[in-house]
Each structure stands twice: as structure tokens, then as C-alpha cells.
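As you go down the protein sequences, you meet chains A and B in turn.
So that you can map any letter, position 9 of the first sequence is 9 in the numbering used here, and since no number is skipped, the others follow by simple counting.
So that you can map any letter, position 133 of the second sequence is 133 in the numbering used here, and since no number is skipped, the others follow by simple counting.
Don't be surprised by glycine CBs; every beta carbon is placed ideally from N, CA and C.
Read the structure below first, then the notes.
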Amino acid sequence: MKQFSNRYIFMFATVMVVIVAFVLSSAALFLQPMQQRNAEVEKKRNVLASVGVEATAETAEELYDKYITKTLVVDVTGETRPGIDAFNVDMRKEQRKPVGEQALPVFIASFEDGHTSYIMPLEGKGLWGPIYGYISLNNDLRTINGVSFDHKSETPGLGAEINTTEFESQFINKDLFQENEFRGILVAKGGADDDDPHAVDGISGGTITSKALEAMIYDCLVNYVEYLKKNSN
Amino acid sequence: MSTKEEREPLFSSKNLKLLRDPLGDNNPITIQVLGICSALAVTVKLAPAVVMAISVTVVLVVANVVVSLFRNIIPPRIRIIFMLVVIAMMVILVDQVLKAYAFEISKQLSVFVGLIITNCIIMGRLEGFAMANKPWPSFLDGLGNSAGYGWILIVVAFFREFLGSGTIYGYPVMEKLGVYNLGYENNGFMILPPMALITVGIIIWVQRSRNKELIENN
Numbered sequence: 001m002k003q004f005s006n007r008y009i010f011m012f013a014t015v016m017v018v019i020v021a022f023v024l025s026s027a028a029l030f031l032q033p034m035q036q037r038n039a040e041v042e043k044k045r046n047v048l049a050s051v052g053v054e055a056t057a058e059t060a061e062e063l064y065d066k067y068i069t070k071t072l073v074v075d076v077t078g079e080t081r082p083g084i085d086a087f088n089v090d091m092r093k094e095q096r097k098p099v100g101e102q103a104l105p106v107f108i109a110s111f112e113d114g115h116t117s118y119i120m121p122l123e124g125k126g127l128w129g130p131i132y133g134y135i136s137l138n139n140d141l142r143t144i145n146g147v148s149f150d151h152k153s154e155t156p157g158l159g160a161e162i163n164t165t166e167f168e169s170q171f172i173n174k175d176l177f178q179e180n181e182f183r184g185i186l187v188a189k190g191g192a193d194d195d196d197p198h199a200v201d202g203i204s205g206g207t208i209t210s211k212a213l214e215a216m217i218y219d220c221l222v223n224y225v226e227y228l229k230k231n232s233n
Numbered sequence: 001m002s003t004k005e006e007r008e009p010l011f012s013s014k015n016l017k018l019l020r021d022p023l024g025d026n027n028p029i030t031i032q033v034l035g036i037c038s039a040l041a042v043t044v045k046l047a048p049a050v051v052m053a054i055s056v057t058v059v060l061v062v063a064n065v066v067v068s069l070f071r072n073i074i075p076p077r078i079r080i081i082f083m084l085v086v087i088a089m090m091v092i093l094v095d096q097v098l099k100a101y102a103f104e105i106s107k108q109l110s111v112f113v114g115l116i117i118t119n120c121i122i123m124g125r126l127e128g129f130a131m132a133n134k135p136w137p138s139f140l141d142g143l144g145n146s147a148g149y150g151w152i153l154i155v156v157a158f159f160r161e162f163l164g165s166g167t168i169y170g171y172p173v174m175e176k177l178g179v180y181n182l183g184y185e186n187n188g189f190m191i192l193p194p195m196a197l198i199t200v201g202i203i204i205w206v207q208r209s210r211n212k213e214l215i216e217n218n
């Protein structure tokens, strides 16, 4: 085997690292605009999915501009916070701040038939990784119009079922409030009563994800309660 | 294809053997039992399995050729580091390209693209073949081995998707056939990782019963 001096080895390693760094950073710079666009389109699709509008990667931007007529950011007291773009609020970062400082985005969707929906982002911890989604409320700001959930790495066939239509459609018309008190939605292990307006069936074998989802809905929306109460009619 | 008479033709029998062997009698998954982890993880549906096979092909072929080109100037003491850097660079590039051009698939593959770095087949081929051979045989070797890995992945994914979800490449075959009306149900068990292991096991069994020479003596 050929012998190489230490000097040569160091030189070799240095040159190798510099070349690799150059290749990778130019690739990152070159591809970044497309990746950001993909992430944006994905977000728009998720927002639209919560109001039952199915968008493809091609139609997402057009449909988003058509239906989402207004976005705003509120705080925990229900006051609007001007100067922040709701679309660019990162919920994961917001949740690390104290409750009073959190920016809470609201997307308002208007439809041809005159009804409006209020869409709010959700962000929580599942069994293996983050779970997230959007929930849309009807004009009364207490019953659910639709939801769209997604997850990073829940178990396929078990916890991962949260993003199926069968599961998500259960939430439609459920009531977040009991009388005037916010209580969220119970994701019941063993199934909920059909006529219970505050509960849906959990996923068999996916209890931890189901409970995490329940906590996510409560924890995220409880901050909106003041806003919801002020604006309900 | 060859330009000079005295040189070995590009597709000599020796070179073709490099391409053919890993497909069957020296398959990286069924014979060498390497790269099993990703074979279990990404074979629930055909689409990710195909993308994974293509990604591994790109990484392995390029890494094989690069290592082979530099084989005489790589200091042996840091050769493993060199290989890792080349593999990691290729994997990051593949991951970035997927994120930009095939976003849906990259979401499904999530961490497994990154895990190509730890795919034992790649390291094994670089250390075992590319370090000691010229670029062209290394290119063929990389192609052969990733094809051998890829076809197993695709076969396993085909059965898991067909029996587990009743679809083939997302097309609802079972529904079109109308077997659900006859009381047929998808086998949810096929979606779970253990069934990938059993499917690979069945492929190994079939292969060894057809070619008795592959059976180990013990």
C-alpha cells in the first residue's frame, strides 16, 4: 500500500472539504426558490383542505387567492395585531413564546354562497413527531366547518390515520363550546356517542396520537377563545 | 463501442457479469442481506419504492465512479472518511433535488432519503469494488448493484401495496375488480414492517430453491 505523508493527508482533506462545501452551497442556493415555493403551495393546500376545497399543486395558489379573502393576526386577548403577515407566522416558534406575546393567525375564507369560514392553524406533538393541521369554524365561531390534519412520522395504519378523510370528516359540525365554556373536542378511545356534539371516535391502536390530537386542538384554540367570543354572532 | 482494438471492449463478458450478477446470484439484498432497513421502510407503496431505487442508483453510481477516479490519490488512512463525504454529498444533493422537483414523494420518503448514507450496500461497494477498480467497471458495478437492490424493493412494494392497500401505483385495482363487494378486505398487516421482512424472506426462499448452489452448508 502506498504511503502518504501527514502533510499530504491534511492537504487532501482540506481540498476535499472545500470542494464539497462549494458544490453543496451552490446547489442549495440554486434550488432554494423552488423549495420555498413548494412549501408555500403545500401550506396553501392545507389551508384550503380545512374548508373542504381540494387543491392540487397547480391550482393551489389560484384557489387560495380566490377563497381566502382576508388574513389577520390576533393576540390572546382577541385584539388584532397589525403589521404581521398571517401566512408567514410559524406556529412552532410562536408556541415557544409566552402566551401573551404569541401571534395567532386567522384566515378568513368566503364562498360564493355567502358563508364565511374562519381558519386557524394547529400545531402539536404526536407520538413520534410533530402533528399539525388547520381547523375551520363556521360563521358562529363555535361549530367546526372542517379540519385537515397531517403528521411527520406517526405509525402508518395507526396514528397516521389522522390525515384520512374518514377520520377528519367526523369533526364536521362538532361544537367547541359547551354552553359558553370552551372545552375542545374529545377524541374518545372506544368510540364516541353518535349524538355527542363534543366528541369524535379515536383511532383503534392509535390512542396516543388520538389523545395528542385532542390536546393539540385544545391547546391551540384555547388562546383564540377571546377572539372567538368577541366576534361570534 | 470500443475505440481501440487492444483495449478490453466496454461490454466484455467480464464487465457484463458485473452488471448481471447483483441482479440474481449475488443480489445485495437477498444474498448479501445488505440494505434491509430501507427495504422494510419504504416498501409500503410502489411510488416511494421506485423513487428510493432511483435515488440509490444515482448515489451509488456517482459515488462509485468518483471513488474509483480518485482511488490512487486517496490516502488509505482517510479513505473511509472520503467515501462518507462523497456519499453524504450525493445524498444531500438528491434530497435537495427531490424537495425542489418531487415534493410529494420527498415528504413520503422523509427521513429515508437521508438514511441512504447508512445504506450498507453503498459503503460496501465503494470499499469492496470502487477502491480497486477502474471507473468504467465501477460504473457498471454500481448500476448492477443498485438495480439488484431496486428490483427487490419494487417487487416487495408491489405485493405490499397490492395486498395491503388494494392499489397498484395508486390505481385502485381491487376496487375496480369489485372484490370488496364479495367480502374481500385489505390485509392491514401487509402495511406493517414485519410483512416486508416476510416478503423478502419468501423471495430468498424462491431464489434458493431454484438455485441450490446458493444454499449455505450448515
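Quiz item: Taking just the CA atoms, how far does LEU109(B) sit from TRP128(A)?
Solution: Here residue 128(A) refers to the residue found at position 128 when the first sequence is read from its first residue. Here residue 109(B) refers to the residue found at position 109 when the second sequence is read from its first residue. Taking the straight line from one Cα to the other gives about 16 Å.
Practice problem: Enumerate in chain order the residues of its own chain whose CB-to-CB distance from ASP193(A) is below 8 Å, with the five nearest sequence positions on each side excluded. | Solution: Position 193 of the first sequence, counted from the start, is the residue given in the question as residue 193(A). The residues are ALA199.
Quiz item: Nearest-angstrom Cα distance between ILE9(A) and ILE80(B)?
Solution: Indexing the first sequence from 1 puts residue 9(A) at position 9. Indexing the second sequence from 1 puts residue 80(B) at position 80. Each residue's Cα considered, the two are about 13 Å apart.
Self-check item: Residue-level contact to chain A via CB, LYS176(B), 9 Å cutoff
Solution: Looking up residue 176(B) in the second sequence gives position 176. So no, LYS176(B) is outside the interface.
Practice problem: State the DSSP-derived secondary structure class of PRO76(B), mapped to helix, strand or coil. | Solution: To locate residue 76(B), count along the second sequence from 1; it is residue 76. Of the three classes helix, strand and coil, the one that applies to PRO76(B) here is helix, per DSSP.
Quiz item: Should GLY184(A) go down as buried or exposed, given a rule of 16 or more other Cβ atoms within 10 Å for buried?
Solution: If you number the first sequence from 1, residue 184(A) lands on position 184. Buried: at least 16 other Cβ atoms inside 10 Å.
Quiz item: Taking buried to mean at least 16 other C-beta atoms within 10 Å of its own C-beta, is GLU58(A) buried or exposed?
Solution: As a position in the first sequence, residue 58(A) is number 58, starting the count at 1. Under this definition GLU58(A) is an exposed residue.
Quiz prompt | Residues that TYR8(A) contacts on chain B, provided the C-beta gap is smaller than 8 Å | solution = Position 8 of the first sequence, counted from the start, is the residue given in the question as residue 8(A). Neighbours of TYR8(A) on chain B, chain order: PRO75.
Quiz item: How big is the Cα-Cα spacing for ASN217(B) and VAL33(B)?
Solution: Translated into the one-based positions of the second sequence, residue 217(B) becomes position 217. Translated into the one-based positions of the second sequence, residue 33(B) becomes position 33. Spanning the two alpha carbons is a distance of roughly 17 Å.
Quiz item: How is LYS125(A) classed by DSSP in three states: helix, strand or coil?
Solution: Reading the first sequence from its first residue, position 125 is the one you call residue 125(A). If DSSP states are grouped into helix, strand and coil, LYS125(A) belongs with the strands.
Quiz item: In the DSSP assignment, what residue or residues form a beta bridge with PHE11(B)?
Solution: Along the second sequence, read from residue 1 onward, the residue named residue 11(B) stands at position 11. DSSP output for PHE11(B) lists no bridge partner at all.
Quiz item: Under 9 Å Cβ-Cβ, which residues of chain A neighbour LEU69(B)?
Solution: Here residue 69(B) is taken as the residue at index 69 of the second sequence, counted from 1. Here the premise fails: no neighbours, minimum Cβ distance about 13 Å.
Practice problem: Could you tell me which chain B residues have their CB closer than 9 Å to the CB of VAL20(A), listed as they occur along the chain? | Solution: To locate residue 20(A), count along the first sequence from 1; it is residue 20. Per Cβ cutoff of 9 Å: VAL85, VAL86, ALA88, MET89.
Self-check item: Touch test, the region 172-181 of chain B against the region 73-89 of chain B, Cβ-Cβ under 8 Å, three pairs minimum
Solution: no
Quiz prompt | First through last residue of the alpha helix (DSSP H) which encompasses LEU24(A) | solution = Numbered from its first residue, the first sequence carries residue 24(A) at position 24. Taken as a continuous stretch (DSSP letters only), the alpha helix (DSSP H) holding LEU24(A) covers 6-49.
Practice problem: Since I believe ASN186(B) is in contact with GLY164(B) (beta carbons under 8 Å), could you give me their beta-carbon distance rounded to a whole number of angstroms? | Solution: Position 164 of the second sequence, counting from 1, holds the residue named residue 164(B). Position 186 of the second sequence, counting from 1, holds the residue named residue 186(B). Yes, they are in contact, since the Cβ atoms of GLY164(B) and ASN186(B) sit about 6 Å apart, within 8 Å.
Quiz item: In chain order, what residues of the same chain have a beta carbon less than 6 Å from the beta carbon of LYS230(A), not counting five sequence neighbours either side?
Solution: Position 230 of the first sequence, counted from the start, is the residue given in the question as residue 230(A). Cβ within range, chain order: GLY78.
Exercise. Please state whether DSSP places ASN231(A) in a helix, a strand or coil.
Key: For the purposes of this step, residue 231(A) is identified with residue 231 of the first sequence, where counting begins at 1. Of the three classes helix, strand and coil, the one that applies to ASN231(A) here is helix, per DSSP.
Self-check item: Residues within the region 40-74 of chain A neighbouring chain B, beta-carbon criterion of under 9 Å
Solution: VAL41, GLU42, ALA57
Quiz item: For VAL41(A), which residues from the same chain have a beta carbon less than 8 Å from its beta carbon, with the 5 sequence-adjacent residues on both sides left out?
Solution: As a working note, residue 41(A) is residue 41 in the first sequence. ALA57, ALA60, GLU61.
Quiz item: For the region 143-192 of chain A, which segments carrying the alpha helix (DSSP H) assignment without a break, of at least 4 residues, lie completely within its bounds, in sequence order?
Solution: 165-169
Practice problem: Work out the CA separation of SER38(B) and LEU115(B) for me, nearest whole Å. | Solution: The residue given as residue 115(B) occupies position 115 in the second sequence. The residue given as residue 38(B) occupies position 38 in the second sequence. Computed Cα separation, rounded: 8 Å.
Quiz item: In terms of DSSP beta bridges, what is PRO197(A) paired with?
Solution: Locating residue 197(A) in the first sequence gives position 197, where the first residue counts as 1. Answer by DSSP bridge pairing: none, since PRO197(A) is not bridged.
Quiz item: Using the C-alpha atoms, what's the distance from ILE54(B) back to LYS4(B)?
Solution: Looking up residue 4(B) in the second sequence gives position 4. Looking up residue 54(B) in the second sequence gives position 54. The pLDDT assigned to LYS4(B) is 48, lower than 50, so where the model puts this residue is not dependable; a value taken from the coordinates is nonetheless given after this. LYS4(B) and ILE54(B): Cα-Cα distance of roughly 33 Å.
Self-check item: Cβ pair SER138(B), ALA130(B) closer than 9 Å
Solution: Taking the first residue of the second sequence as 1, we reach residue 138(B) at position 138. Taking the first residue of the second sequence as 1, we reach residue 130(B) at position 130. Cβ atoms of SER138(B) and ALA130(B): closer than 9 Å.
Practice problem: In angstroms with no decimal places, state the Cα-to-Cα distance between PHE149(A) and GLY190(A). | Solution: Within the first sequence, the letter at position 149 stands for residue 149(A). Within the first sequence, the letter at position 190 stands for residue 190(A). Taking the straight line from one Cα to the other gives about 21 Å.
Exercise. Closer than 8 Å, Cβ to Cβ, to anything on chain B: give me those residues from the region 117-140 of chain A, in chain order.
Key: none
Exercise. Reducing DSSP to helix, strand and coil, say where PRO48(B) ends up.
Key: Here the question's residue 48(B) lines up with position 48 in the second sequence. Three-state result, PRO48(B): helix.
Self-check item: Between the CA atoms of GLN95(A) and PRO28(B) - distance to the nearest angstrom
Solution: Counted from its first residue, the second sequence places residue 28(B) at position 28. Counted from its first residue, the first sequence places residue 95(A) at position 95. Near 46 Å, if we compare the C-alpha coordinates of GLN95(A) and PRO28(B).
Self-check item: Outcome for TYR134(A) when other beta-carbon atoms lying within 10 angstroms are tallied against a minimum of 16
Solution: What you label residue 134(A) is simply residue 134 of the first sequence in a count that begins at 1. Buried, by the Cβ-count rule.
Quiz item: Given that MET16(A) touches chain B, what residues does it touch there, using C-beta distances under 8 Å?
Solution: Position 16 of the first sequence holds residue 16(A). Those within 8 Å of MET16(A) in chain B are PHE82, VAL85.
Quiz prompt | Cβ pair GLU161(A), GLY206(A) closer than 9 Å | solution = Stepping through the first sequence from its first residue, residue 161(A) is reached at position 161. Stepping through the first sequence from its first residue, residue 206(A) is reached at position 206. Taking 9 Å as the Cβ cut-off, GLU161(A) and GLY206(A) qualify as a contacting pair.
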